[in-house]
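To start, the structure itself, in structure tokens.
Numbering (the working numbering), first residue to last: 1296 to 1600.
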């Protein structure tokens, strides 16, 4: 049995364990949160290095992107320094593909005309593929990197504006302690309602779930949420607030949608070759073979059925 472990600096309340079979190979997949304790996460990874088949890094990205520019997050280097024998991925190898695919899925499988919709993308620098795919649809979009990432209440209206801001802010932001940029540990369970007018304005709210949930208003009636990792409790919360449809870029595995870091780690374990030797087309081919498709839940139909 192959063993994939996602070590996250996020809340341990979101921990999950699944045993599944993929292409005839049995997998034990675990997500372990350290409640914001980065030292513990590093120590755990050091202890498991060489004992598991692949690591996923959760709750923190290794990089952020703006256009073709990649910026390395300083705190992530602590993990790459200790994962010497077990391959370590953060999902960035798949985000560009999976999250572009989920936007085309909205059109082809759900019949949505995104050009006629308004989209709030809570952050684009960690999902630049999704941002570009949305921009290509011609939809009206608000990009919330300054608001949700830095707490600056200024919406961006185009990828061009994001690129200008990123070139100025990203080199400084990636050197900050990561908890200043993104909710970690117990902060993932906290909510402070802000930016309500942008949630109300949008038909579709897209991007990282913790950013979406951290400021989400009580009234989300009729909204479509396009995101990544959600638990059963998250789904219940969205349903109670009136969200119409939930779409996640990764499938439902034993009761929850794991993050792209987990999916990428599973693919690495299946390929069973050095990380540096894996070509992007090998990922893409495996995804097609496995038929990993976005998860779709029409939340209100459950209440009225």
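A virtual CB, placed ideally from N, CA and C, is assigned to each residue, including glycine.
Note that the coordinates shown come from a computational prediction; the quantities given were computed from them, not determined experimentally.
Query	Result
If you draw a straight line from the C-alpha of residue 1599 to the C-alpha of residue 1474, how long is it?	The pLDDT assigned to residue 1599 is 47, lower than 50, so where the model puts this residue is not dependable; a value taken from the coordinates is nonetheless given after this. Those two C-alpha atoms are separated by around 40 angstroms.
DSSP three-state call for residue 1297: helix, strand or coil?	strand
Give the C-beta separation of residue 1301 and residue 1556 to the nearest angstrom, bearing in mind that I take them to be a contact with Cβ-Cβ under 8 angstroms.	6 angstroms
In the DSSP assignment, find the unbroken alpha helix (DSSP H) run with residue 1329 in it and report its ends.	Counting along the chain, residue 1329 falls outside any alpha helix (DSSP H), and DSSP gives it neither H nor E.
Is residue 1510 helix, strand or coil when you go by DSSP?	coil
For the candidate residues 1513, 1423, 1547, 1297, whose alpha-carbon lies nearest to that of residue 1592?	1547
Could you name the residues that DSSP lists as bridge partners for residue 1340?	In DSSP, residue 1340 forms no bridge with anything.
For residue 1296, does the count of other Cβ atoms within 10 angstroms reach 16, so buried, or fall short, so exposed?	exposed
Using a Cβ-Cβ cut-off of 6 angstroms (strictly less than) and excluding sequence neighbours within five positions of residue 1489, which residues of its own chain qualify?	1510
With three or more beta-carbon pairs closer than 8 angstroms as the criterion, would you say the region 1382 to 1394 touches the region 1550 to 1569?	yes
Would you kindly work out how many angstroms separate the C-alpha atoms of residue 1439 and residue 1587, rounded to a whole number?	28 angstroms
On the three-state DSSP scale, how would you describe residue 1469?	coil
Could you tell me whether the Cβ of residue 1415 comes closer than 8 angstroms to any Cβ of chain D?	Looking at the structure shown, chain D is missing, and only one protein chain is on hand.
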